[in-house]
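Undergrad: Taking the numbering used here, the leading residue of the sequence shown gets 183, the next gets one more, and so forth.
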Amino acid sequence: MRRIGVAVAAALAVVTVACTAEPKALPATTTTTTTTTTTVTTTTPPTAVPGPGGTTVPVFQHPYKYGTPQAKLPASPDGLLPVVRRIETDKPYVFITIDDGAVRHPAALELMKSSQTQPSLFLNTKHVAEQPAFFKALQDDAKSTVHAHTANHPNLQGKGYEFQKQEICGNADYLQQQTGVRPTLFRPPFGNYDGTTRKAATDCGFKALIMWTAAVNDGVVQFQAGSKLVPGDIVLMHFRNTFVEDFLAFLNHCKAHGLTPVPLEDFLSTTLP
Ligand SMILES: [Zn+2]
183 MRRIGVAVAA ALAVVTVACT AEPKALPATT TTTTTTTTTV TTTTPPTAVP GPGGTTVPVF
243 QHPYKYGTPQ AKLPASPDGL LPVVRRIETD KPYVFITIDD GAVRHPAALE LMKSSQTQPS
303 LFLNTKHVAE QPAFFKALQD DAKSTVHAHT ANHPNLQGKG YEFQKQEICG NADYLQQQTG
363 VRPTLFRPPF GNYDGTTRKA ATDCGFKALI MWTAAVNDGV VQFQAGSKLV PGDIVLMHFR
423 NTFVEDFLAF LNHCKAHGLT PVPLEDFLST TLP
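Below you can see the structure in the form of structure tokens.
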């Protein structure tokens with residue numbers, strides 16, 4: 183054993199000497215050929231980063247410059263705003279929407295920013311009014327877009343025009359005052375609406391009524407059809423105590439199925455892409 187150890191040490195000594203000795207010969211050479219080696223460094227973007235509370239957050243690179251129109255708003259069938267349940271696209275894109283605003287989870291901002299997603303938020307006046315700065319940060323720092331969900335979250339179905347208009351327009355006015363931008367998309371509470379809702383939302387200036395094709399509850403992605411998200415799905419989740427579990431469940435599902443969350447607004451443009 184000792185002999186082998188010595189042999190290895192001797193071999194290492196030779197290697198060491200060989201490595202350090204060689205450069206010493208260079209100054210003696212009068213004719214030298216200079217070889218310039220160009221090292222091309224390619225930076226591979228991270229696919230995940232450390233997140234709040236020891237979590238791992240999947241990262242999504244932007245497949246195009248966000249804020250650039252990709253598809254036009256569907257035509258209105260009857261002069262009232264169109265109802266959008268999913269986005270027609272052949273690209274591997276899905277859309278995340280987050281409703282209400284009842285629980286302002288402290289990790290929400292960091293999760294949105296680190297994943298590089300830009301969710302669409304459908305907010306009620308009564309929840310935003312409790313902590314406006316929380317939602318302003320999601321808008322300004324995470325580049326999420328704020329949309330409307332009524333003032334008080336009532337079931338609109340079957341209610342009179344004036345009641346519905348007050349809930350919908352009042353919410354739009356409040357959000358415009360808070361964010362500086364008038365919301366363009368409207369989602370009825372519980373997904374319940376009727377012809378009066380569409381009339382009121384149209385009169386309040388909204389461009390589309392947004393439904394959904396999948397949801398996240400208690401950290402589980404749930405589908406209306408099939409067993410996974412598919413391109414064009416609009417996913418619904420809420421500002422709840424389970425925000426971290428829900429948001430990560432959505433992101434991980436996207437990553438596992440080769441899907442990228444992109445801004446919903448880019449596919450409902452009022453200008454031609
Ligand atoms: Zn709601």
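Cβ atoms here follow ideal geometry from the backbone N, Cα and C, with glycine treated the same way.
1. List the DSSP bridge partners of I392.
2. Thinking C-beta only, is F345 closer than 8 Å to T366?
3. Measure the C-alpha to C-alpha separation of T229 and P259 and round it to an integer number of angstroms.
4. Give the single residue among K247, G236, V266 whose Cα lies nearest to the Cα of V444.
5. Measure the alpha-carbon distance for C386 versus R380 and round it to whole angstroms.
6. Which same chain residues, not among the five before or five after P234, have their C-beta less than 6 Å away from its C-beta?
7. Is it right to say T453 is buried, meaning 16 or more other beta carbons lie within 10 angstroms of its own, or is it exposed?
8. Tell me Q243's beta-bridge partners as DSSP assigns them.
9. To test your reading of the DSSP string, which unbroken beta strand (DSSP E) runs of 3 or more residues are found completely within the segment 318-406?
10. Any heavy atom of ligand 1 closer than 7 Å to the beta-carbon of P301?
11. Helix, strand or coil: which one does DSSP assign to F421?
12. Would you mind reading off the limits of the beta strand (DSSP E) that contains A230?
13. Thinking C-alpha only, which one of F368, H439, V266, K254 is nearest L338?
14. Contact between the segment 424-434 and the segment 309-320: three or more CB pairs below 8 Å?
15. Starting from V310, trace the alpha helix (DSSP H) both ways and give me its first and last residue.
16. Within 10 angstroms of its Cβ, does T327 collect 16 or more other Cβ (buried), or is it exposed?
17. Taking Cβ to Cβ, would you say A390 is nearer than 8 Å to L418?
18. So, using beta-carbon positions, are I416 and L450 closer together than 8 Å?
19. Where does D272 sit, in a helix, a strand or coil, going by DSSP?
20. Count the other CB atoms within 10 Å of the CB of F432; is the residue buried (16 or more) or exposed (fewer)?
21. For D272, which residues in the same chain have their Cβ closer than 6 Å to its Cβ, ignoring the five residues on either side in sequence?
22. Count the other CB atoms within 10 Å of the CB of N374; is the residue buried (16 or more) or exposed (fewer)?
23. Within a Cβ cutoff of 7 Å, which residues of the same chain sit near H439, ignoring the five residues on either side of it in sequence?
24. Would you identify the three-state DSSP class for S451, choosing helix, strand or coil?
TA: Let me lay it out:
1. V266
2. no
3. 42 Å
4. K247
5. 10 Å
6. A289, E292
7. exposed
8. Answer by DSSP bridge pairing: none, since Q243 is not bridged.
9. 327-330, 390-392, 396-399, 402-405
10. no
11. coil
12. 230-232
13. F368
14. no
15. 307-310
16. buried
17. no
18. no
19. coil
20. buried
21. none
22. exposed
23. K410, L411
24. strand
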